[in-house]
Ligand code: NAD
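Residue numbers (UniProt numbering): 1 to 358.
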């Protein structure tokens with residue numbers, strides 16, 4: 001029995017989560033698995049109900065689960081609230097409370113979607129598969145910060161701080177992931193300028209000694225931003241800190257096309273994990289039944305793989321998604337093809353999983 005806390009959230013969140021749960025049900029039946037699924041309010045929905053984005057009921061539910069599946073949060077209704085009262089503040093609190101320090105964002109370009117990539121390269125025929133492993137709960141986003149008044153104006157600062165142990169544990173996640181892939185890691189830093197990056201590089205090199213079968217190289221972040229556009233095929237696993245990972249993973253996401261197909265997993269080195277599409281609540285299309293559910297469906301596949309070790313079921317979902325795309329089925333964001341609604345795309349993936357369509 002796997003316990004899953006589901007946080008549908010706001011905007012298109014509940015719409016895409018519905019399809020993710022449909023797929024989960026299909027693999028539950030096919031593989032004889034058992035999921036105990038409980039839904040909790042989160043984000044704007046929770047603010048309306050309890051006055052805060054991550055209420056106690058939701059926190060307790062998440063902390064007592066094996067995995068958390070999240071839709072998305074936010075929307076214009078809550079944009080006027082102060083920083084720590086906004087739906088997005090709930091996201092940081094959720095990640096911190098679960099202690100999920102490793103954010104895994106696979107950027108996969110399916111050959112059938114090569115026309116939606118902004119890159120023009122004949123090599124895209126073969127697809128593209130990069131995994132960004134980003135440190136998630138340390139670095140400059142969480143270091144000492146403040147704003148001080150000066151005689152003229154202000155001084156504001158944020159501080160990049162990393163300790164050996166924080167770098168070690170994220171590096172281990174990246175090396176373990178690389179072992180299951182093409183066994184190549186590019187560690188991205190700014191070691192020519194930053195002290196914290198020099199510790200990052202030294203620590204990653206130490207961890208690498210435990211993984212002789214994995215090839216490690218280092219790259220400065222500015223060069224990496226360039227190389228991702230110039231020759232993304234050189235990358236397998238990109239390992240980097242919180243801020244560089246935030247920026248580079250969005251760049252990698254754009255290279256493979258629509259934000260509507262990219263999943264993510266946030267882990268802490270044991271069974272517990274947080275799984276969510278990388279997109280937001282898309283208020284511009286909420287309620288129109290056109291949201292792409294594939295990012296959420298692929299997040300469900302990551303949950304099966306990383307939290308439950310159900311590799312076969314995870315692979316089945318990925319194959320069903322790939323097949324639906326190969327057959328020309330599209331949601332509106334994916335351009336030309338047989339355009340389906342959110343619900344119809346979810347049904348299509350379920351049909352392929354069940355083997356109803358051959
Ligand atoms: P967004 O990702 O919600 O939308 C960006 C664009 O992509 C929009 O045009 C949207 O229609 C489109 N899009 C997004 N997901 C899609 C899908 N599944 N199918 C088809 N099209 C899709 O980003 P935004 O507009 O900058 O933010 C909207 C709200 O979401 C804000 O309140 C923001 O703070 C919040 N947000 C939440 C998360 C999260 O919950 N993890 C992440 C990012 C943004």
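Heads up, the beta-carbon is just placed ideally off N, CA and C, and yes, glycines get one too.
- Assigned with DSSP and collapsed to three states, residue 8 falls in strand.
- Distances from the CB of residue 53 to the heavy atoms of the ligand NAD are all 7 Å or more.
- A contact between stretches requires three or more CB pairs, one per stretch, nearer than 8 Å, and the stretch 162-181 meets this requirement with the stretch 119-137.
- For residue 146, the enclosing beta strand (DSSP E) starts and ends at 145-149.
- Apart from the 5 residues on each side of it in sequence, residue 114 sits with its Cβ closer than 7 Å to the Cβ of 124 and 125 in its chain, given in chain order.
- Counting of Cβ neighbours within 10 angstroms places residue 105 among the buried residues, the total reaching 16 or more.
- Residue 106 sits in a strand when the DSSP states are folded into three classes.
- With contact defined as three or more Cβ pairs closer than 8 Å, the stretch 291-300 and the stretch 330-350 are in contact.
- In the DSSP assignment, residue 342 forms no beta bridge with any residue.
- In the DSSP assignment, residue 35 falls within the unbroken beta strand (DSSP E) covering 35-39.
- Per the Cβ contact rule, the stretch 54-66 is in contact with the stretch 84-97 (3 or more Cβ pairs under 8 Å).
- Within the stretch 77-134, the alpha helix (DSSP H) runs of at least 4 residues that lie entirely inside it are, in chain order, 87-98.
- Counting along the chain, no alpha helix (DSSP H) covers residue 184; the unbroken beta strand (DSSP E) around it starts and ends at 184-189.
- According to the DSSP assignment, residue 158 belongs to the beta strand (DSSP E) that extends over 154-158.
- With respect to the 8 Å criterion, residue 87 and residue 68 are not classified as neighbours on the basis of their beta carbons.
- Our two residues, residue 146 and residue 157, have alpha carbons roughly 6 Å apart in a direct line.
- Here the stretch 11-19 lies against the stretch 267-281, with 3 or more beta-carbon pairs under 8 Å apart.
- The beta carbons of residue 102 and residue 131 sit no closer together than 8 Å.
- The shortest C-alpha to C-alpha distance from residue 64 to any of 37, 45, 44 and 77 is the one to 37.
- If you check the CB distance, residue 239 and residue 174 come in under 8 Å.
- In this structure, the alpha-carbon of residue 121 lies about 14 Å from that of residue 234.
- According to the DSSP assignment, residue 240 belongs to the beta strand (DSSP E) that extends over 237-240.
- When distances are taken from the beta-carbon of residue 93 to the heavy atoms of the ligand NAD, even the shortest one reaches 7 Å or more.
- Annotated as distal: residue 329 and residue 335, with beta-carbon spacing of 8 Å or more.
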